[in-house]
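**Q**
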Amino acid sequence: MPAERTARDILAELVAFPTVSRDTNLPLIDWVQTYLEEWGAECVRVPSPCGTKANLYAHVGPKVEGGVILSGHTDVVPVDGQDWATDPFTLTERDGRLYGRGAADMKGFLALAIAAVPLAVKAGLRRPLQLALSFDEEVGCAGCIPMVEAMARDLPRAVAVIVGEPSRMKVVTGHKGSRAFVTRIVGVPVHSSRQHVGVSAIHEAGRILHWLNETNAALMAATPTATAALFDPPFSTVSVGTIAGGEAHNITAAECRFTLGVRAVADERLDDWADRYRAEAARVEAGMQAVDPRSRIEITDGFTVPPLRPETDGAAETMVRGLTGDNSTNVVSYGTEAGHFQANGYSTVVCGPGDIAQAHIPDEYLEISQFEAGWDFMQRLVAHLAQ
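First residue of the sequence shown? That's 815 in the numbering used here, and the numbers climb one at a time after it.
Following this line, the structure appears as structure tokens:
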């Protein structure tokens, strides 16, 4: 048999790959694929369109339905401008914690899933274990889409998907969905002393931002639905994080650009939000074109992350609650690839070691006790699949 690596050793290897979303993840994928194939896993790559990144999925055990998918993303957020006490790409133990970029979000879970493969091989599974490693989750969760579709099409259907985002090993049954709209407002520049005959793209963007604020206020004031009440906050939100435009203080802005994002509770349709935003933009555009028909608003769809909707008698929830003993009710406001798996017909939950509060910050860490709890879970899961 090949040499077996501990989950701790594997985590150190994974953290050492600087898989920031803007960069390639192929060296990490190469390493993981080599290790999994040494243990007999059947691996398939799903490359990005540009070829600089790849998803990887793997199958271990018999070719039968009823297995479990362990899913996680390989990319991490940047460390630029952050003040780290240690090298962010060297796993460092200190005071009962494992420090490193991605230790919590979410290479800790991936290390546990990879370490579970030799355990599964030696256990003699009766139902398969499948792994799914994706790219670009941190920049819109789009990288996983073709992989999820390929797994649904080409692998024996798993009964449950576990997405290992940090949840302190609590069972998360729902999360919000999100959608982004890349917006470009084209104005008509004139000298600011004659602004009444021009169209300021920045001023018109202000009308959309006013709508955004009014929409958020109305959402906050409304009585939440039963599903919305589970979330914090218990309502959908609309936001703009960055905005750019204009040429000089005395010229009406020829252009303004921003991305508007919607984070919707799980019982609302993202398509309905798209219709609402486009209707408001059309209203603003009509006013612009009444001044000068050359002005316009262009909207391009950005990423879409489907919500994870709580399931009634969901197989994934039932199984993971049984393995963890957690019967608490948990939903989160961040998004994951869980929504994409659920949209492809999989029963899905989120459950992983660590705390989302430690994600993305300088000196990101994973508590060793959480890592050990995750390994205990993997051992119970393998035993469950071998029954």
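Here a beta-carbon is modelled for each residue, glycine too, at the ideal position from N, C-alpha and C. Bear in mind that the values here come from a model prediction, so they are computed numbers and not experimental data.
Going by alpha carbons, who is nearest to K921 out of A930, H1010, L1180, E1186?
**A** Counting from one through the sequence shown, the residue named residue 921 turns up at place 107. Closest option to K921, Cα to Cα, is L1180.
**Q** Let me know if P816 comes out buried or exposed under the rule of 16 or more other beta-carbons within 10 Å of its beta-carbon.
**A** Counting from one through the sequence shown, the residue named residue 816 turns up at place 2. Counting of Cβ neighbours within 10 angstroms places P816 among the exposed residues, the total staying below 16.
**Q** Counting C-beta neighbours from all protein chains within 10 Å, is the total for E1178 16 or more, i.e. buried, or is it exposed?
**A** Mapped onto the sequence shown, residue 1178 falls at position 364. With 16 or more Cβ atoms within 10 Å of its Cβ, E1178 is classed as buried.
**Q** Ignoring anything shorter than 3 residues, give me the beta strand (DSSP E) runs that lie fully in the stretch 1048-1109, in order along the chain.
**A** 1051-1059, 1069-1078
**Q** Using the Cβ count rule (16 or more neighbours within 10 Å means buried), how would you classify E851?
**A** Looking up residue 851 in the sequence shown gives position 37. E851 is exposed by the Cβ-count criterion.
**Q** Work out the CA separation of V893 and G865 for me, nearest whole Å.
**A** Stepping through the sequence shown from its first residue, residue 865 is reached at position 51. Stepping through the sequence shown from its first residue, residue 893 is reached at position 79. The straight-line gap from Cα to Cα measures roughly 24 Å.
**Q** Please report how far the alpha carbon of A1129 lies from the alpha carbon of S1053, in whole angstroms.
**A** In the sequence shown, residue 1129 corresponds to position 315, counting from 1. In the sequence shown, residue 1053 corresponds to position 239, counting from 1. Taking the straight line from one Cα to the other gives about 35 Å.
**Q** Excluding the 5 residues preceding and the 5 following A998 in the sequence, name in chain order all residues of the same chain whose CB lies nearer than 6 Å to its CB.
**A** Locating residue 998 in the sequence shown gives position 184, counting from the first residue. Residue identity differs from the one stated: residue 998 is Arg in this sequence, not Ala. Here the set comprises R1071, E1112.
**Q** Within the continuous alpha helix (DSSP H) that includes P841, where are the two ends?
**A** The residue given as residue 841 occupies position 27 in the sequence shown. Run containing P841: 840-852, per the alpha helix (DSSP H) assignment.
**Q** In or out: E1061 buried (at least 16 other Cβ within 10 Å) or exposed?
**A** As a working note, residue 1061 is residue 247 in the sequence shown. Exposed is the call here.
**Q** If you measure between the beta carbons of T987 and P1121, is that distance less than 8 Å?
**A** Along the sequence shown, read from residue 1 onward, the residue named residue 987 stands at position 173. Along the sequence shown, read from residue 1 onward, the residue named residue 1121 stands at position 307. Their beta carbons are not under 8 Å apart, which means T987 does not touch P1121 by this criterion.
**Q** Could you check whether V874 and V834 sit closer than 8 Å to each other, using their CB atoms as the reference points?
**A** Locating residue 834 in the sequence shown gives position 20, counting from the first residue. Locating residue 874 in the sequence shown gives position 60, counting from the first residue. Their beta carbons are not under 8 Å apart, which means V834 does not touch V874 by this criterion.
**Q** I believe D1140 touches M983 by the beta-carbon criterion, under 8 Å. Please report the beta-carbon distance rounded to the nearest angstrom.
**A** Numbered from 1 along the sequence shown, position 326 holds the residue referred to as residue 1140. Numbered from 1 along the sequence shown, position 169 holds the residue referred to as residue 983. D1140 to M983, Cβ: 7 Å. Contact.
**Q** Within a Cβ cutoff of 6 Å, which residues of the same chain sit near P832, ignoring the five residues on either side of it in sequence?
**A** For the purposes of this step, residue 832 is taken as the residue at position 18 of the sequence shown. These residues qualify, in order along the chain: F903.
**Q** Report yes or no: do the stretch 1131-1145 and the stretch 940-955 share at least 3 C-beta pairs separated by less than 8 Å?
**A** no
**Q** Which same chain residues end up closer than 6 Å to G1075 when comparing Cβ atoms and leaving out the 5 residues on each side of it in sequence?
**A** To locate residue 1075, count along the sequence shown from 1; it is residue 261. Once the five neighbours on either side are set aside, the close Cβ partners of G1075 are A994, S1053.
**Q** Go to E966, then tell me how far its alpha helix (DSSP H) extends in each direction, as first and last residue.
**A** Numbered from its first residue, the sequence shown carries residue 966 at position 152. The sequence given here has Ala at residue 966, not Glu. For A966, the uninterrupted alpha helix (DSSP H) segment begins and ends at 959-968.
**Q** Check whether the Cβ atoms of R941 and G881 sit closer than 8 Å, and answer yes or no.
**A** As a first step, residue 941 is located in the sequence shown; it is residue number 127 there, counting from the start. As a first step, residue 881 is located in the sequence shown; it is residue number 67 there, counting from the start. Contact flag set, yes.
**Q** In three-state DSSP terms, what is I1175?
**A** The sequence position of residue 1175 within the sequence shown is 361, counting from 1. Correct three-state label for I1175: coil.
**Q** Please list, in chain order, all residues of the same chain as H1063 whose beta carbon is under 8 Å from its beta carbon, the five residues on each side excluded.
**A** Residue numbering aside, residue 1063 sits at position 249 when the sequence shown is read from its first letter. So the list reads S1006, once near-sequence residues are dropped.
**Q** Provide the residue(s) that pair with C857 in DSSP beta bridges, ordered along the chain.
**A** Here residue 857 refers to the residue found at position 43 of the sequence shown. DSSP lists A872 as partners of C857.
**Q** Short of 6 Å in beta carbon distance, which residues of its chain neighbour G1188, apart from the five on each side in sequence? Order them along the chain.
**A** For the purposes of this step, residue 1188 is taken as the residue at position 374 of the sequence shown. Counting only Cβ-Cβ distances below 6 Å, and skipping sequence neighbours, we find L926, P1167.
**Q** Residues in the same chain with beta-carbon distance under 8 Å from T1051, minus the five sequence neighbours each way, listed in chain order, please.
**A** Within the sequence shown, the letter at position 237 stands for residue 1051. Hits under 8 Å: N1030, L1033, V1076, R1077.
**Q** First and last residue of the alpha helix (DSSP H) that includes Q1184?
**A** Indexing the sequence shown from 1 puts residue 1184 at position 370. Its alpha helix (DSSP H) spans residues 1182-1200.
**Q** Considering only residues of the same chain and omitting the five flanking positions on each side of G854, which have a CB-CB separation below 8 Å?
**A** Looking up residue 854 in the sequence shown gives position 40. Only V874, V935 meet the Cβ criterion.
**Q** For F1155, which of helix, strand or coil comes out of DSSP?
**A** Start at 1 with the first residue of the sequence shown, and residue 1155 comes out as number 341. In the structure shown, F1155 sits in a helix (DSSP, three-state: H, G or I).
**Q** Rounded C-beta distance between E951 and C958? I'm assuming under 8 Å.
**A** Start at 1 with the first residue of the sequence shown, and residue 951 comes out as number 137. Start at 1 with the first residue of the sequence shown, and residue 958 comes out as number 144. About 7 Å; that satisfies the 8 Å criterion.
**Q** For L1199, I'd like the list of residues in its chain whose CB is within less than 8 Å of its CB, leaving aside the five on either flank, ordered along the chain.
**A** On the sequence shown, position 385 is the one that residue 1199 refers to. Hits under 8 Å: G875, G881, V882, A934, A937, L939, R940, R941, P942, L943.
**Q** Where does F1117 fall in DSSP's three states?
**A** Counted from its first residue, the sequence shown places residue 1117 at position 303. The answer is strand: DSSP assigns F1117 an E or B state.
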